[in-house]
Each structure stands twice: as structure tokens, then as C-alpha cells.
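Data block below; observations after.
Protein chains in written order, with the numbering used here: chain X, 1 to 332; chain B, 333 to 689; chain L, 690 to 1200.
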């Protein structure tokens, strides 16, 4: 043994028996704490708010915050999957609007609620499928393709509603808009389920794995025999399905459907994912990380409202906090 | 819908929210030719014997503009005019192209909701050069006053103040909060300022919070949730339009606080009146876009026929409504009788030069 | 001219450099050698200003570096020509050379004609023939490298650092480069030359600095050293161990004996190509690779060797001719179809086209055959780990864990991960493109060994490389291509370097 043992990492690595490590498969489903930045900002934010507004930590307010982030949270899962695969979906917000409006208008015309819900999910899935086909078949960047889709869907939603909101979603308001047990909002439970499923999808399914692969290196994935185009179609379609779930959740929470209700959600979902630690360039990220970003946005907006901070200052505070979260984030 | 009472730049808030979409439509707008459609019943010639052609331009798809347009189209025949409608698709360049198209079709006047303040001066310059009178709904700009047939819009501060005054009278004491629209254009700020002025009549009331709803129902719902959490003893809530108010009411209802909090708003949209009817909104200041457009058309045709002086600002007729006088609200979507009533109302009086904001 | 004095650099957990000193004289070629991870690239980064040292100093032309930034170093006349080019692919040759320092007509307007004139003069001086208006993306790697050198010269470089400059070059181009280097030296420009190719170094360099584990081993005149001495100094062990490489740690050796290579794969294969015409150059090529053989395919760039790989892996469609796999016709319209039929390609540039850097070793290996570890729609991570562990042991992939991100592995280990993928894909025909390019001496020998062992299990292995010497070390046969046609097919025993080189170049056969 040479006296400099331990000086060089590479040698050290070679000498270490390799089979000791790999059995930590449980690591995969656990929250990835490598991006402490958002977590730190989140915790600091919670502490500060709790000091100035003790009501922040009450059960009812926590339930409020969670139900407020439910829709964005669900939508951010859709965005996260697409971002990991190296794409981007700007149409998720308008998808939510159009799918919600589809359900709302059908309900308004007396179609049974469960049919309306399936119609909305079908609409959302179809939009995702079209996105996927266009992205897979075209060389154009998904940014511009889904941007076109955003405008198109917004236009359709405005056309079919004539701009007026549908102000009654029947039982959906009490089911998805209500609570399920112990006063826990149904939307929160739904969010939790979607996040767990997304995490499972990303970590444990072949499609989830290939999403990471093509987001990380599309050429290498192609040379590994992965059907790139088909994978993209699946991924955008899945994002569509999740957007549909978000649409129904939103319709339930608002007891309404509106053509302009998704406006801005696409950018919020991208922001939440990135703040949480799912980068724009693909190949990395995860459900739990993105959820942290959603939580941060939700907590900030809630605490600013609790402290009655005016609108202009709210924007400034939000901007500063987002920048801090991104800066503090560990570079990987 | 969030922006029914804005200064004619109503889509600006959307512009902020979905820049990409706006950018794209801006890009695309250049490729579309001016989109015009002619509609309305046969016009009977006015006293002069000539049927006037009026171009009506709306910036976006919101019902507010759509209803205004319908009002103008329905009223036109009785005023010896026919209306050609244009859609600006929230694009300044599209709007300008529409103005040029209207001018080349030799219309007698233009009645428009402009896309934005910065667009309207270009529109006015184009119309002036062609000697076509142009009347603007919202977007009041004092420097443009001599160049236009007139401006018509709600008196923003007064509109909010009436709501505040009512609440000051009907709420004995306690905490009041405001959920505002998207700041940055002056309207949301003015409503809030007016409301607080009115509320000052009752010293027992305090405004404890003023938080943003950004003309977005979901955001308003969240804001209401947070307000009632921070101030469980809240007594009054002013939400700057009914669309947001309905979101806020749902939040209060779910928190079991709706009976405790008096919600007041403004707009007078059909669903808003419904909410007043069932007691969820206590009071609302209403303004009918159809009436607004009919008045605008009456003034514009008057200017063309030299019976009305040009270059004045007019304040839209508003009706303050509670459960007891819902019928008094001017409907957004009137039938022919409603239009005839609008036509028989006395013409608006111009704002005196000394009172111009 | 350049003096490096007691430079040390520490990264979290690694002491990359420990008190290294060296001196480069004007107009000389100074070689820097060492295994991967020995500290070469860290030293280059410090000299070129990309990173500051923790201690020690750099003196250039008598000036002590006060600040470490690329612009500072380049202002002093130090330029690096990297393995991966730092040119802008979409800009023209001339624009690339003058980029950032173009002559201007006014403050804001670039003088285009002067740009082209200056670039033209410069390339003439270097005797590089190329269309100045061509986009750099369209050029061969060799030309791109020469453009990068021209760019350095335009910036008045006095010291040019060449990092693996011959990695992507054919034999002819290497000669061109050497001429160019000698020409530069005669004008007083110094070269710091980093390469794994010792024969190149012995032809070029005046002095050699050897690094090992971040320490300076020695700096000596080339004339005082032999290639084998350098190898020993680099590896830091005695000659026997070099010949019989990589002592295996106890744990690994054990695992190795548990899973013999033969157990992994036992399929027999025969690849036959008949009358293949494809792409711009390949004309009527026929060849066969029997099971158990390692066949080398060589030729200069553009000779068609690469196109054969493309056809076999479904990346290029043949115009005519057929490919037979164990007697049955083989067609593939995509890598997916090729893999399904038992063909696997390890591409030339593993980091770029082969591995997904963000994924772990295990995830990269399983990527090629996810269905085999999927039960009830879910990936069986334990199975994935076991499979990966097996390959890590057999192929001796040096990593602390199979969860290690591939981006953190050396080139040689990335190459091994790709070989593991080929095994996991149950490939019967294995095509390797430039498998030993840019990997260190030990890794090279390991790859030779693995390839031989794979062939011994009955696979047909086709190695496509421009590194003739390297091919001769581990192939059974050498097929030489020139201008899209096979010019010779000889057993590796009877072939020698010069003969094959001459064949690829078409030299000395017509007499």
C-alpha cells in the first residue's frame, strides 16, 4: 500500500469493491435532495410567514395552500414529464381551458356529468396526441409547435363559449371541489396520487426511463434502439391526459369553466418545474422536485395574501424569491 | 370577461399573462387581410336621405365587446346607418389595417374599442388624414380630444366610489378587503381608490387588505381563501368584477363565511345579476356595453350630421343595483324593445371642460 | 517561455495536481503524457486560464499570471486547440478564424472583404486548401482542426496547446498536421502536445513531461526515453503489468470468476456482405466475418468504412447488394431493427452518440433492452442492478457504484459501458468504430482483451478504425478499403503497419 492512499479519487474508486453499493434501489423513489435550494427557500419562507402570521401554520390554511396548488401541481407533473424528455409543452394551460369548457358546455346542455368528464379527458388526450404527432414528425422545436397549439386552443375555447363562463359544474364542484375525509380537500388527495404516479412512472416504467434517455441524449437513445418518435407521441399524449385531469380538478374547484382560465398556467408550470429542479434542457428532474417548486409558488402567494401585501409588491416579492431559489439551487 | 370596464385596452392583462400567444397572433395578424363583415337590418335613410356606413371595431372576443357590437348593429337602422364590423384580434397592426380598410371603403365614421392606448393615436391619425370621424369607446386621452368625434367611458373613480358609499351605509362596522383586477392600466387602481373614498363615509370600517385577483377567477378564489384565513372576522369584500366575485364567493361558501361577509362588485353581466338575485353578491355597479355602444353610435352619427359637437368626453350610464332593483340594470344583451329604450334615452351630456380628468 | 512553477489544484475529494512544474522552450514541441485522470486536462485548464491554481504560479514570457481567465491567457498568446472543436459550425471558415476580432469598417460594421482576405492569407501561409466561404460544419475533422490552429495564429498565439490532435485524423492528415507543427516551431511558436499516441510523440516532441496521479513523474528529452519506458513511467508499475494489464481488485476478480464471459453469450454468428453499393463511395463491396473472428476494417476518412457500419446498423439504406446474417437476409431501416436482429454498433464518439451522460451505468446498460427487466409494466430495479453489476465485474468498469452517472466516467470506461450494452442487447454481430480513440494505454489494452474474449464466445466483431497499429494488435484479419472498394484482405499476422498504411493511401502498389 502506497502512503498516498486515498489521495486520488480514481484509484480509490478502482480499489473499492464495486458490489457493495448497487443494492440501494430504494433510493430511486425517495425525494431527491440534491437540489436543496428550493427546499431551503421554502423552509425559510414558511418560518418567516409563520412569525408574521401565525395563522399560516393552522390546519385550515395548510389545507388552503394545498388545494390552491392542486391544479398547478397536477399540471406541473405533465410539464415535468415533457421537460425531462427534452421537450416543452406550452399548450397545457389552453388544454385545461378547452377541456374544461368541453365538460362545462356539455353539462350545460344536460349531458350527464360522467359523460362530460370522459369527454373532457378525451379532448385533453386528443390534444396531447396531436402535439406528440406534430413534435415527432416535425423538425420544428416543440416550443413553436405547442405555442401554435396554445393559440389555436385558446381561439377554439373562446369561439365555443362566446367568451362567457359556464357557471355550474353540478356535482363536480362538490366532488373535486369538496373534501374527502377529515376535511382534506379531494383535489389535494388527487394531486398526491398524481405526483406519486408520476414519480413511479418516471422511475419505474420503461417509458419513463426512455423519457430521461431521449431528453439526455437523443442520438444515443436512437442508437440504443429506442423508437424516438413513438416515445415522444406517448409522452405528449400522457401530458395531455394529465392536463385533462387538471382541467376537471379546476372546473370542480371553481364550479365553472372559462375560456381564459388556463392563461398563464403553461408558464407557471414551467417555472414551477424549473424552480423545483427539473431543468429546461431535459434528461434530469423528477416529480418530487417539481412539486417543491409548485409548493414554493403556492406558499409565497398564500403568505403574501395573508400578510395583505399589495399586488405590485407581490410581483416583486415573487420575482425575487424565484430568483433566489434558482440561484441557491445546487448546480449539477 | 375580466375586463369589461377597462379603458379599452382590455386585453392587455392577457397580454401580460400569455405573451407567447400574443406574440404569435401579432405575427400572424400581418398575414390576414382586414376582416370585415356587414350585418344588420335594412336601414331607413335618415333625414338627409343618405344611409351612413359606420365601421365598428372590437379588439377581442370578450362578450363585453360582442354585446356592444350587437347593440350598435341593432340600433343602426333606426339611426339611418348600417354597421360594418371589424375584429382586431388583439393586434395593433390588425387594428390599423382594419382602419385603413374602412377608410378605403369610404365609411362615414368609425366607432371603436381600441386594442391599446398606443394603438389608438395611430388609428386617430389615419382617420383624421382621411377626414373620417372616429369615436372611441374607452381609452380616454385628453390630448386626442380635439381630434376625435368623442370618447365614452365609465367614470372610473365614481364607479368604484358608489360601491364604497353603499357598503359604508349598509355595513355598521368591521373589516373590509379588496380583490383588485390586474394593476398597471389604471382602471383597477381607480376602482379601488374610488371604493375607499366612498367607504370613508363610515369611520367604523377599515380596509385591512388589498390583494390581487388579476381578473382571474381562480386567482380571486385563492385570494378570498387567504383573506378569510388571515381575517376570520372579515365583514365586507369588494371584488372588482363579477367574474372574480363568483370565484371569491365560492371560496367564502366553502369556508362557511358567506353569510358573514358582504360581497360587492361591479359589471352587471348576466351571471352577475343572477348572483345578486340569489343574494350572493349584495350590490354591484352595472354598465351595459350595448347601451354604451348605442350612445356612442348616436353621438357619432350626430357628429357626422353636424347636429352634435365633436371632441367631448362622455361618461357611460351606470346603474347601481341591489337585490331590490335588478330590473333597473340595463341589459347587456337587449331585445329590440330594449334597443328602442336605449334610443329613446336622453343623449349623454358631455363632461364640462373644467371637469375633464 | 512558459514556466509552470509548483502548481497545485484540489477539487472536492480529489487532489488533481500536486506541485507540478514544467518549462516549455520557444519553438519546441513539448509533450504531456499520462493516463486518463493523471492531471493533464487540469494542467491545461490552468495554463489556458480556465481555472486558477490553488497554489504555485504560471510565468509566460517573464510575466507572472496575475489573473486566470481565458481572455487573459489568450491576450498573452496562449491558445488551446481542444479535442472537441471550439468552432461555430454554422459560420464560414473565414468568420470562424477571425471570430471576435474581425476587422471593422466602422465601429459596428464588419469588413467582410478584409475578413476573407486576412483568412485567405493565413491559410495560404499554412498551406491549407479550403473554400473560405464554406461552413465549418461541412468540413472534415482534420480541416476543422487546421482552422482552429489558424484561429490561434490569427490571435498571435505564441504557445499552442494541442489536446489529442490526431484523434479524428487519418494517417495522411496526421502527416499534414506534423508538417504544420514543424512549420510553426520553425517560426518560434511553442507547442504543448497532449496525446496517448506515443509513436507520434516520439516523432514530434523534443521533451516529454509525464504525469501520474496529479504528480510530476519526470521531464526528459525524448532522446533519453523509449516508448516502453514512458509507458512504465505513466502506469507507475513494472513492465509485466503493462503487458498483462489492470490488476483486478480482489472483489472483482472473484465476481469475474463467478461469471465467465462464455456464460453470457454463446450464440454463433456469421456476417456476410455481398456486392454492397451504398452512399457516395461504397461500390460493390463483399466481405464476410465468421463467428469468433475480430475483423479490422481500415481506410482513410471517406474510404467507405464508416458507411458499411451505417448500413449494418440501419442508418443508411443500400442501393444494391445484400447483407446476410447466418445465411438469412438482413435489412434494417433503423437501429431498433438492427438491434432486434442481433447487430450492435458502438459509435465512434461514445460521449456524444453512445451514452446518455445523465443516466447511471446501470441505466445506460439496461436502456438497450428495457423489456427484459420489465415485469407488470414496472422496471425491476434489482434485476437491473444485478445485470449491471455482472457487466461491471466482467468488463472491469472502474466506478464506485453502478449508480454512478456515466458523465463522470473516463472515456475508456464509457466505451466499456457501451460494450456492456452490446452484450445486454445479445448482439451476435458487434461493430466498433474507433474503439480506442482517446482512451489511455491501460484502457486500450483492456478493450483489446474484451473484444478478443467477446469474439471467443462466437460473436462476429467488425472493428472500424483509422488506427492501423492499434488494429494490428487485436484483430484476426485486416480489410483495407480505399475509395469505396476493398483493396486487400490480409491476416493480421502477415500484415505490417507500413504495408497497410500504404494500402490505405494507395502508395507503392502500382510499381
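A virtual CB, placed ideally from N, CA and C, is assigned to each residue, including glycine.
Anticipated Cβ contact below 8 Å, residue i with residue j, distance rounded
i	j	result
residue 75(X)	residue 55(X)	About 28 Å separates the two Cβ atoms, so there is no contact after all.
residue 524(B)	residue 600(B)	About 19 Å; that fails the 8 Å criterion.
residue 220(X)	residue 1159(L)	24 Å between Cβ atoms; not a contact.
residue 1031(L)	residue 1116(L)	6 Å
residue 325(X)	residue 275(X)	5 Å
residue 188(X)	residue 60(X)	Residue 188(X) to residue 60(X), Cβ: 13 Å. No contact.
residue 988(L)	residue 1193(L)	5 Å
residue 1109(L)	residue 1119(L)	No, residue 1109(L) and residue 1119(L) are not in contact; Cβ-Cβ is about 12 Å, not under 8 Å.
residue 355(X)	residue 63(X)	In the structure as shown, chain X starts at 1 and stops at 332, and residue 355(X) therefore has no counterpart that could be examined.
residue 1084(L)	residue 1028(L)	Wrong, their Cβ atoms sit about 19 Å apart, outside the cutoff.
residue 531(B)	residue 441(B)	Not a contact, Cβ separation roughly 41 Å.
residue 426(B)	residue 448(B)	In fact, because the Cβ distance is near 12 Å, the residues do not count as touching under 8 Å.
residue 759(L)	residue 737(L)	6 Å
residue 595(B)	residue 569(B)	5 Å
residue 244(X)	residue 120(X)	6 Å
Opposing strand residues paired with residue i [DSSP bridges]
i	result
residue 441(B)	386(B)
residue 1167(L)	985(L), 1179(L)
residue 852(L)	883(L)
residue 566(B)	507(B)
residue 1014(L)	960(L), 1017(L)
residue 1282(L)	Given that chain L is displayed from residue 690 to residue 1200, the structure contains no residue 1282(L) and the question cannot be resolved.
residue 1174(L)	1171(L)
residue 646(B)	484(B), 682(B)
residue 571(B)	511(B)
residue 138(X)	Paired residues: none, contrary to the question.
residue 595(B)	569(B)
residue 617(B)	598(B), 652(B)
residue 544(B)	512(B)
Problem - Cβ contact check for the region 574-590 of chain B and the region 546-556 of chain B: 3 or more pairs under 8 Å - result: yes
Handout entry: Contact set between the region 222-246 of chain X and chain L, restricted to residues whose Cβ is under 8 Å from the partner
Key = 222, 223, 224, 225, 226, 227
Exercise for the section: Please specify which runs of the beta strand (DSSP E), each continuous and at least 3 residues long, are wholly inside the region 1026-1103 of chain L, giving them in chain order. Expected result: As far as the region 1026-1103 of chain L is concerned, its whole beta strand (DSSP E) runs of at least 3 residues are 1032-1035.
Exercise for the section: With 8 Å as the limit, tell me which residues of the region 1060-1071 of chain L have their beta carbon closer than that to any beta carbon of chain X; keep them in chain order. Expected result: 1060, 1063, 1066, 1067, 1068, 1070, 1071
Practice task
Please list the residues of the region 493-512 of chain B that have a C-beta atom closer than 9 Å to any C-beta atom in chain X, keeping them in chain order.
Solution key: Those residues of the region 493-512 of chain B that come within reach of chain X (Cβ to Cβ, closer than 9 Å) are 509, 512.
Problem - Residues of the region 388-400 of chain B with Cβ closer than 7 Å to any Cβ of chain X, in chain order - result: 393, 394, 395, 398
Problem - Inter-stretch contact at 8 Å, needing at least 3 Cβ pairs: the region 496-506 of chain B / the region 623-635 of chain B - result: Under the 8 Å Cβ criterion, the region 496-506 of chain B does not count as touching the region 623-635 of chain B, having fewer than three qualifying pairs.
Practice task
Compile a chain-ordered list of the residues in the region 603-618 of chain B whose CB is closer than 9 Å to at least one CB of chain X.
Solution key: 603, 606, 607
Exercise for the section: For the region 516-543 of chain B, enumerate the residues whose C-beta is nearer than 9 Å to any C-beta of chain X, in chain order. Expected result: Among the residues of the region 516-543 of chain B, those with a Cβ less than 9 Å away from any Cβ of chain X are 516, 520, 540, 541, 542, 543, in the order of the chain.
Practice task
Report yes or no: do three or more beta-carbon pairs, one from the region 235-246 of chain X and one from the region 125-134 of chain X, lie closer than 8 Å?
Solution key: yes
Practice task
Scan the region 260-286 of chain X for residues whose Cβ lies nearer than 9 Å to a Cβ of chain L and list them as they occur along the chain.
Solution key: 282, 283, 284
Handout entry: Uninterrupted beta strand (DSSP E) stretches inside the region 178-216 of chain X (no shorter than 3 residues)
Key = 179-181
Exercise for the section: Indicate whether the contact test is met: 3 or more Cβ pairs, each with one atom in the region 838-847 of chain L and one in the region 867-887 of chain L, closer than 8 Å. Expected result: yes
Problem - Cβ-based contacts, 7 Å cut-off: residues of the region 421-442 of chain B near chain X - result: Within the region 421-442 of chain B, no residue qualifies.
Problem - Near-chain L residues of the region 185-206 of chain X (beta-carbon distance less than 9 Å), N- to C-terminal order - result: 200, 203, 204, 205, 206
Problem - Those runs of the alpha helix (DSSP H) which lie wholly inside the region 245-279 of chain X and span at least 4 residues - result: 265-276
Practice task
Flag this pair as touching only if the region 306-325 of chain X and the region 81-90 of chain X have three or more C-beta atom pairs under 8 Å; answer yes or no.
Solution key: no
Problem - Three-pair Cβ contact test at 8 Å for the region 676-687 of chain B versus the region 724-734 of chain L - result: No, the region 676-687 of chain B does not touch the region 724-734 of chain L.
Exercise for the section: Could you pull out every unbroken alpha helix (DSSP H) segment of at least 4 residues lying fully inside the region 52-96 of chain X, listed in chain order? Expected result: Fully enclosed alpha helix (DSSP H) runs of 4 or longer: 59-84.
Problem - Where the region 114-132 of chain X meets chain L: residues whose CB sits under 9 Å from a CB there - result: none
Practice task
Using a Cβ-Cβ cut-off of less than 7 Å, give me the residues of the region 567-587 of chain B that come near chain X, in sequence order.
Solution key: 575, 578, 579, 582
Handout entry: Chain-ordered residues of the region 1032-1046 of chain L with a beta carbon less than 8 Å from chain X
Key = 1034, 1036, 1041, 1042, 1043, 1044, 1045, 1046
Practice task
Please confirm if the region 163-171 of chain X is in contact with the region 250-270 of chain X, defined as three or more CB-CB distances below 8 Å between the two stretches.
Solution key: yes
Problem - chain B contacts from the region 85-111 of chain X (Cβ-Cβ distance under 9 Å) - result: Of all residues in the region 85-111 of chain X, 90, 93, 94 have a Cβ within less than 9 Å of some Cβ in chain B.
Exercise for the section: Scan the region 546-565 of chain B for residues whose Cβ lies nearer than 7 Å to a Cβ of chain X and list them as they occur along the chain. Expected result: 549, 550, 553, 554, 555, 557, 558, 559, 561, 562
Exercise for the section: Please go through the region 757-824 of chain L and give each complete alpha helix (DSSP H) segment of 4 or more residues, from N-terminal end onward. Expected result: 759-764, 782-787, 801-814
Practice task
Compile a chain-ordered list of the residues in the region 38-62 of chain X whose CB is closer than 8 Å to at least one CB of chain B.
Solution key: 53, 55, 58, 60, 61
Practice task
Could you please tell me which residues of the region 136-148 of chain X, in chain order, have their CB closer than 8 Å to any CB of chain B?
Solution key: 147, 148
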